[in-house]
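Below: the structure, in structure tokens.
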Amino acid sequence: MVDLILKAALVFAGMGVALATFQLLRGPDAPNRAVALDVLTLITMPLLVGLAVHAGRIIYLDVALVYAVLAFLGVVALARYYDRGI
Amino acid sequence: MNRLFSFIFITAVLWLLWLVLAGSLNAQEMMTGAVVAVLVTLLRNDGPCLLGGPEILHPRRILYAILYIPYMMRAIILSNLDVAGRILKPQVAINPGIVKVKTRLKSPVGRMVLANSITLTPGTLAVDITGDTMYIHWVDVESRDAEAASRKIAAGFEKYLEVIFG
Amino acid sequence: MIYFDLLICLVIVLAGVAAMRSRNLVSAAVMVGVVSLMVSYLFLRMGAPDVAMTEAAIGAGLSTLIFLIAIRRTGEDEG
Amino acid sequence: MTMPDTPLNLIGAVLTLFGSMFLFLGALGIIRMPDLYNKMQAGTKATTLGNILTLMGLGLLMPGWLPKIVLIILFVLITNPISSHALARAAHKAGLPLAKGSVLDQLREDEDAIAAFEAETQASSGKGVDG
């Protein structure tokens, strides 16, 4: 039962990845694509934690931790590019 | 007194972070963590702690900080359901605009937490902040008046943050 | 699980091709960021947490920053 | 890895399912909304709640990992508003327009007023130097 529910959750996350990728390819300009990048980052983080639970190894959690700390830097760099120049 | 407090406070936070990252409670980890936390705190520049002096550990403030978490969770969930309803309608139901909001908070950290809270609840997004004026993008503009908009968006958070950050 | 990995691989290929074909270099930098994000997931799936961590740190933060600095110095549009 | 059907595991799995539904809704939001600001509202904020629910659910499946997972949630809660605020501010400064149905833009009005005031004072002070 638990496995089945988790599989359904994975299906939803997969549809989310597909839709965000569609927005990434469609977005008319770079800021719209950056929103898609942000959403993809936020979807990937639970996926990394899910992989850690699937493998049963706590060391995998550190990857998600590094992502949570560093992933927003790309979007902030882009914002800075449009704001004042780096 | 103030500097001693900020030294102890920052060391304690760093030590706690070390323990969570190490993920174990045996004596060697705890000793290494304590040494590293003290060293890092000594190496930082010795300005005051960003949050303020010993008064931040006043019981009333801690109580309000703990009460703030469920309030925030409730606000996030309610506004998420609201936005989800808007998305799922066949014709997206929005009425967006950028409104001006005045805040009563004085301390910079309090203003930052208020702006982050407003941004975290879907439906409102802090676009720009100058002094005590915030410009907020609102999915469903209900009032153009700054006074009424402040009451609608910020007052609930401000009630808690005023006590927590003074 | 395997279908999900295939979806991720498809996303990598699509984002990579779009990055090559894009005329706007800032958009291309964002797409390269997506590629490194997904590659990091694949590394973890194959059981290499250290490589995935490095890819996350370098790919998500640093390489986008360096690309944007270079674009700022040279100009946004290709050709 | 197969999980036993204990009540705690079931609660965790259901939380994860709800969270991933919100992740999906966030991705749907960035497709359906008309302009960047509304996309950000629906996209990056709904995914924050999705993130919290999913991570808490997965943490309930592995109760020993909860401190680290709570730390990840904390980092997400700190960094996510910063990135979306920075992007919205930069986009507004770069002049990205609001969607067609938007009712008002008081930030643009105030910026225009400040620019007009500065131009006026510059013109009058220039005149003063000439005179």
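Sequences listed follow chains A, B, C and D, in order.
The letter at position 29 of the first sequence is residue 747 when you use the working numbering, and the numbering goes up by one with no holes.
The letter at position 123 of the second sequence is residue 113 when you use the working numbering, and the numbering goes up by one with no holes.
The letter at position 21 of the third sequence is residue 44 when you use the working numbering, and the numbering goes up by one with no holes.
The letter at position 116 of the fourth sequence is residue 117 when you use the working numbering, and the numbering goes up by one with no holes.
All C-beta atoms, glycine included, are put in the ideal place defined by N, C-alpha and C.
These figures come from a predicted structure and were not determined experimentally.
| Item | Value |
| --- | --- |
| Return the chain-ordered ranges of every beta strand (DSSP E) run that is complete within the segment 94 to 149 of chain B and spans a minimum of 3 residues. | 114 to 120, 123 to 128 |
| Whole angstroms is fine: what's the gap from B:R101's alpha carbon to D:A89's? | 18 Å |
| Contact check, B:V117 vs B:I88 under 8 Å by CB: the rounded distance? | 6 Å |
| Pick helix, strand or coil for C:D100, following the three-state DSSP scheme. | strand |
| Quick one: using the 10 Å Cβ neighbour count with 16 as the cut-off for buried, is B:K92 buried or exposed? | exposed |
| DSSP state of B:G87, grouped into three classes? | strand |
| Return yes when the Cβ of A:L737 is within less than 8 Å of the Cβ of D:L29, no when it is not. | yes |
| Where does the unbroken alpha helix (DSSP H) through C:M54 begin, and where does it stop? | 48 to 68 |
| Is any beta-carbon of chain D found at less than 8 Å from that of B:T22? | no |
| Hey, A:A797 and D:A116 are a contact pair by Cβ (cut 8 Å); roughly how many whole angstroms apart? | With 8 Å as the limit, A:A797 and D:A116 do not qualify as a contact, their Cβ atoms being about 22 Å apart. |
| Go to B:L165, then tell me how far its alpha helix (DSSP H) extends in each direction, as first and last residue. | Residue numbering for chain B in the displayed model covers -9 to 156; residue 165 of chain B lies beyond these limits and cannot be assessed. |
| Please state the DSSP three-state secondary structure of B:K92. | strand |
| How long is the line joining the alpha carbons of B:A138 and D:I83, rounded to whole angstroms? | 26 Å |
| Let me make sure I understand the geometry here. Which of D:T80, D:L16, D:Q42, D:M34 has the alpha-carbon closest to that of B:L81? | It is Gln, not Leu, that sits at residue 81 of chain B in the sequence shown. Taking only the C-alpha atoms, the option nearest B:Q81 is D:M34. |
| When DSSP labels each residue in this structure, what does D:D111 get in the three-state scheme? | helix |
| Output the distance between the C-alpha atoms of B:Y58 and C:R95, rounded to the nearest integer angstrom. | 43 Å |
| Quick check: the Cα distance between B:P98 and B:D122, rounded to an integer number of angstroms? | 10 Å |
| Quick check: what's the CA-CA separation for C:R68 versus C:V34? | 16 Å |
| Applying a beta-carbon distance threshold of less than 8 Å, which residues of chain D neighbour A:Y800? | A91, A92, K94, A95 |
| Using only the heavy atoms of the ligand NAD, determine whether one of them is closer than 7 Å to the beta carbon of B:G113. | This structure simply doesn't include the ligand NAD, nor any ligand for that matter. |
| Of all Cβ atoms in chain B, is any one closer than 8 Å to the Cβ of D:K40? | no |
| Within 8 Å of any Cβ in chain A, is that where the Cβ of C:L88 sits? | yes |
| Could you name the residues of chain A that D:M22 contacts, counting a contact when the two beta carbons are closer than 7 Å? | F730 |
| By Cβ distance, which residues of its chain are closer than 8 Å to D:V130, with the 5 residues on each side in sequence left out? | With a pLDDT of 44 at D:V130, under the threshold of 50, the modelled position of this residue cannot be trusted; read the value that follows with caution. Same-chain partners within the cutoff: there are none. |
| Hey, D:L24 and A:G734: beta-carbon distance below 8 Å or not? | yes |
| Any idea what DSSP makes of A:R751, helix, strand or coil? | helix |
| Determine the contact status of A:L783 and D:I73, defining contact as a CB-CB distance below 8 Å. | yes |
| Give the straight-line distance between the Cα atoms of B:V26 and B:F155, rounded to the nearest whole angstrom. | 29 Å |
| Identify, in the order they occur along the chain, each residue of the same chain with its Cβ nearer than 6 Å to the Cβ of B:A65, setting aside the five sequence neighbours on each side. | T111 |
| Any idea if D:A114 is buried or exposed, counting beta-carbon neighbours within 10 angstroms, 16 or more meaning buried? | exposed |
| Any idea what DSSP makes of D:Q42, helix, strand or coil? | helix |
| Using a Cβ-Cβ cutoff of less than 6 Å, which residues in the same chain neighbour C:M54 once the five nearest sequence positions on both sides are dropped? | A38, A41, A42 |
| Out of C:A80, C:T97, C:V58, point me to the one whose CA is closest to C:L30's CA. | C:V58 |
| Are B:V73 and D:A43 touching if we call contact CB-CB under 8 Å? | yes |
| Give me the Cα-Cα distance between A:G792 and C:M76, rounded to the nearest whole angstrom. | 16 Å |
| If we cut at 8 Å on Cβ distances, does C:A42 have a partner in chain A? | no |
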